[in-house]
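Single-structure report; data block below.
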Amino acid sequence: MTETPVVVKPAARIHATAEVSPKAVIGAGSSIWHYVQIREGAVLGENCIVGKDVYIDFDVKVGNNVKIQNGAYLYHGLTVEDGVFIGPRAVFTNDVYPRAINLDGSLKGNSDWEVGPIVIRYGASIGCGAIIIPNVTVGRFALVAAGAVVNRSVPDHGLVAGVPARLIGYVCKCGRRMTQQGDSYYCKTCDWTFQPEVKP
Ligand SMILES: [Zn+2]
């Protein structure tokens, strides 16, 4: 009989000041820092880092190896795939028609509003203070510049900046901006060429 090696993963580290719902799932090896709130139904993968003051709303899904920097707000309707970087104070919104009240002036309840989903694909990065508007997908390894307001989807490897965000180029998996060569883009650090579907 062969012995199967047992890999024991370290448990998640949750700071005493963090408020993590007992109905949330936190993957092994993840670190939850000071004053973080993680709501019911949220799922965080393995080996994630969740910085101080981060808010993760109910049912938000976060993959493995995700870094969430201080003060980011991840609202209901958001899905974050593996390997994503979320800069400090980035906000993922969700209310397509933001109103506090109904037409008759009564306060809107939990079921009176429409959620617009947001998906952040594998390896993408969201810059410091960026705001993502509902119904947006940010593509694989895309880069959203600091302070951008993203109101439409970003293609794979796309670099977007500004308010509202515009596609201004392409970035490599290594995070560096790529040089345009005809219809394709080249990273000299990685000696890698990328053929985008959308032109900036
Ligand atoms: Zn590169």
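FYI, the numbering for the sequence shown is 1 to 200, going by the working numbering. Where is the CB? At the ideal position from N, CA and C, for every residue including glycine. For clarity, every value in this text was computed on a predicted model and none was experimentally measured.
As the crow flies, the alpha-carbon of D59 is around 8 angstroms from that of A24. Boundaries of the beta strand (DSSP E) harbouring F194: W192 to F194, taken from the DSSP string. With a cutoff of 7 angstroms, R177 does not count as near ligand 1, since its C-beta is closer than that to no heavy atom of the ligand. In this structure, G83 lies away from Q69, with their beta-carbon atoms at least 8 angstroms apart. Exclusion of the five residues before and after A161 leaves A145, A148 and I168 as the residues of its chain whose Cβ lies within less than 6 angstroms of its Cβ. Looking at the DSSP output, K108 shares a beta bridge with no other residue. For K173, DSSP records no beta bridge to any residue.
For Y185, the enclosing beta strand (DSSP E) has its first and last residue at S184 to C187. By DSSP's assignment, F85 forms a beta bridge with K67 and S125. Residue pairing by DSSP puts S31 in a beta bridge opposite R13 and I49.
Counting the other CB atoms within 10 Å of its CB gives I101 a total below 16, which places it among the exposed residues. The three-state reading of DSSP puts R166 in strand, counting E and B together. Under the three-state reduction of DSSP, K61 is assigned to strand. Following the DSSP letters along the chain, one finds I120 inside the beta strand (DSSP E) bounded by residues I118 to I120. The three-state secondary structure of F92, taken from DSSP, is strand. In the same chain as C190, and ignoring 5 residues on each side of it, the C-beta atoms closer than 6 angstroms to its own belong to C172 and C174, in chain order.
The three-state reading of DSSP puts V80 in strand, counting E and B together. Taking 8 angstroms as the cut-off, the Cβ atoms of Y75 and N94 count as close.
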